[in-house]
Amino acid sequence: MSAPSTSPPAPIEVRTTTWACSVCGADAPRPYRAEMYTIGSTRFHLVRCRDCGLVYVNPRPDEATLAAMYDDESYYTAGYNLGVEDQNYFERKDELIALGGIAWERIEKETAGQGRALELGSAGGFFLEAARRRGWQVAGVELSPPAARYCKQTFEFEVFEGWLEDAPYETGSFDLTIADNVLEHTTDPRGTLRQLHSLTKPGGHVLVIVPTYVNSGFFRLLNLAQFILPRRLLGTKLCAMLKLDDSDRGYPYHILEFNRSNLVDLAKSAGLEILSVEGSLPRPAHLFKVKDLSPINRIWKGIFITLDHMMGLRLAPAARIRLLARRPSHSTE
């Protein structure tokens, strides 16, 4: 099957709603970053919870607007890469299946082998296909109709198109549930983790990966210094990745921005036992997939490698968090 269209996003009707912090419930945030995202002429601002430090879009798109955003085929093309990749998601099929195989090798060491896995936000199915090739039984939940159709028609997976709470899966039916770059899109992250907890067998595992750069000291420092930064030395692609390009704000797909502390608190409140928490840094394609780098980009590549190691050692604020948890063996609904 061919990949979804790469045409620009179609106009959608925008409705907004205000909300409190979805981690601790506090409702007196401070301003964080004005006009971070746009849909048409509607601009969306980031605020930060004074109590737990969660950063979130407020007001945010309402549920109907969010559904319309993900129904647009451009999400997995123009809206997906966030300055990290040059190709759209579907063009990277073989690469992502290969990378998925490496990730699953690590998962199997952490969880003691294959079993039945559910991925929330299964997209085009590349990560699940990598698991199936290693002997896993796989299923997915995907909100985006174009991505769900592509996955089902290309790989013939069991993929539910819609919200997790509506998915027809039995309690305790998976050895592993996964939310990779998903929680930041949700309006009820605790509820989402509780549902994953419920779907996971007692003693089974839950893997959560979220971006955390926007809720880090690096972003706050760059946001303050952006008007004096030498953009020529950063380059347009790095400016886009670092959220310094005001000409390309994009849709508010990420309505939540976690940090290590509030993500761990959230997972614990959902009844999960934390096994490991690891920080890292995404590696942009224009630095790591190009052979003949300019002198300045060779310097930036070295900086990214160094920061990635520092984040893994907790010597610097992480730009991405990988949290592995377990549903306690004695857990009951």
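When the letters of the sequence shown are read in order and numbered with the working numbering, they come out as residues 12 to 344. Every residue, glycine too, gets a C-beta built ideally from N, C-alpha and C. Small disclaimer: the values here were computed from a predicted structure and weren't measured.
In this structure, how does DSSP classify residue i when only helix, strand and coil are distinguished?
i: S18; result: At S18, the pLDDT of 49 sits below 50, so the modelled position is not reliable and the matter cannot be decided from this model.
i: H187; result: In the sequence as displayed, the identity of residue 187 is Leu instead of His. Looking at L187 - three-state DSSP - the assignment turns out to be strand.
i: R145; result: coil
i: R59; result: strand
i: K376; result: Residue 376 lies beyond the range of the chain shown here (12 to 344); nothing can be said about it.
i: P70; result: coil
i: G64; result: coil
i: E121; result: helix
i: I50; result: strand
i: Y43; result: strand
i: E284; result: strand
i: N273; result: helix
i: H341; result: coil
i: A251; result: helix
i: D177; result: helix
i: S33; result: coil
i: E195; result: helix
i: Y262; result: coil
i: I23; result: coil
i: G135; result: coil
i: E140; result: helix
i: I113; result: helix
i: E102; result: helix
If I'm right that residue i touches residue j with Cβ under 8 Å, what's the distance once you round it to whole angstroms?
i: G136; j: N270; result: Not a contact, Cβ separation roughly 30 Å.
i: R337; j: L286; result: 6 Å
i: M322; j: S291; result: 6 Å
i: D82; j: P179; result: About 21 Å; that fails the 8 Å criterion.
i: C162; j: E176; result: About 20 Å; that fails the 8 Å criterion.
i: T188; j: T211; result: 5 Å
i: C35; j: Y67; result: C35 to Y67, Cβ: 11 Å. No contact.
i: P222; j: L277; result: That belief does not hold up - the Cβ atoms of P222 and L277 are roughly 15 Å apart, past 8 Å.
i: R127; j: S184; result: 7 Å
i: I50; j: Y224; result: Contact doesn't hold; Cβ gap of about 22 Å is too wide.
i: S112; j: A79; result: The displayed chain sequence assigns Gly, not Ser, to residue 112. G112 to A79, Cβ: 34 Å. No contact.
Who are residue i's beta bridge partners in DSSP?
i: V217; result: T188 and A336
i: L107; result: Paired residue(s): none; L107 is not in a bridge.
i: A128; result: V149 and L187
i: T28; result: R71
i: L267; result: Y67
i: E289; result: R333
i: F171; result: V152
i: P222; result: R331
Starting from residue i, trace the alpha helix (DSSP H) in both directions and tell me its first and last residue.
i: A78; result: E74 to D82
i: R231; result: G228 to A236
i: T203; result: P200 to L210
i: A296; result: A296 to F299
i: R243; result: R242 to L245
i: P306; result: P306 to G323
Would you decide whether residue i is buried or exposed? Buried here means 16 or more other CB atoms lie within 10 Å of its CB.
i: W279; result: In the sequence as displayed, the identity of residue 279 is Lys instead of Trp. So K279 ends up on the exposed side.
i: T76; result: buried
i: R325; result: exposed
i: A45; result: exposed
i: Q206; result: buried
i: E195; result: buried
i: L249; result: buried
i: G124; result: exposed
i: L218; result: buried
i: E121; result: exposed
i: H297; result: buried
i: V301; result: exposed
i: H74; result: In the sequence on display, residue 74 carries Glu and not His. That one is exposed.
i: A150; result: buried
i: I54; result: Strictly speaking, residue 54 in this sequence is Arg, with Ile absent from that position. Per the 10 Å Cβ criterion, exposed.
i: G317; result: It should be pointed out that residue 317 corresponds to Thr in this sequence rather than to Gly. Exposed, since its Cβ has fewer than 16 Cβ neighbours within 10 Å.
i: S18; result: Only weak support exists for where S18 lies, its pLDDT of 49 falling under 50; the value from the coordinates is given anyway. Counting Cβ neighbours within 10 Å, S18 comes out exposed, since fewer than 16 surround it.
i: P339; result: exposed
i: A39; result: exposed
i: S133; result: buried
i: S85; result: buried
i: F238; result: exposed
i: A109; result: exposed
i: S258; result: exposed
i: D303; result: exposed
For the beta strand (DSSP E) containing residue i, list its first residue and its last residue.
i: Y161; result: That residue, Y161, is in no beta strand (DSSP E); its alpha helix (DSSP H) goes P156 to F166.
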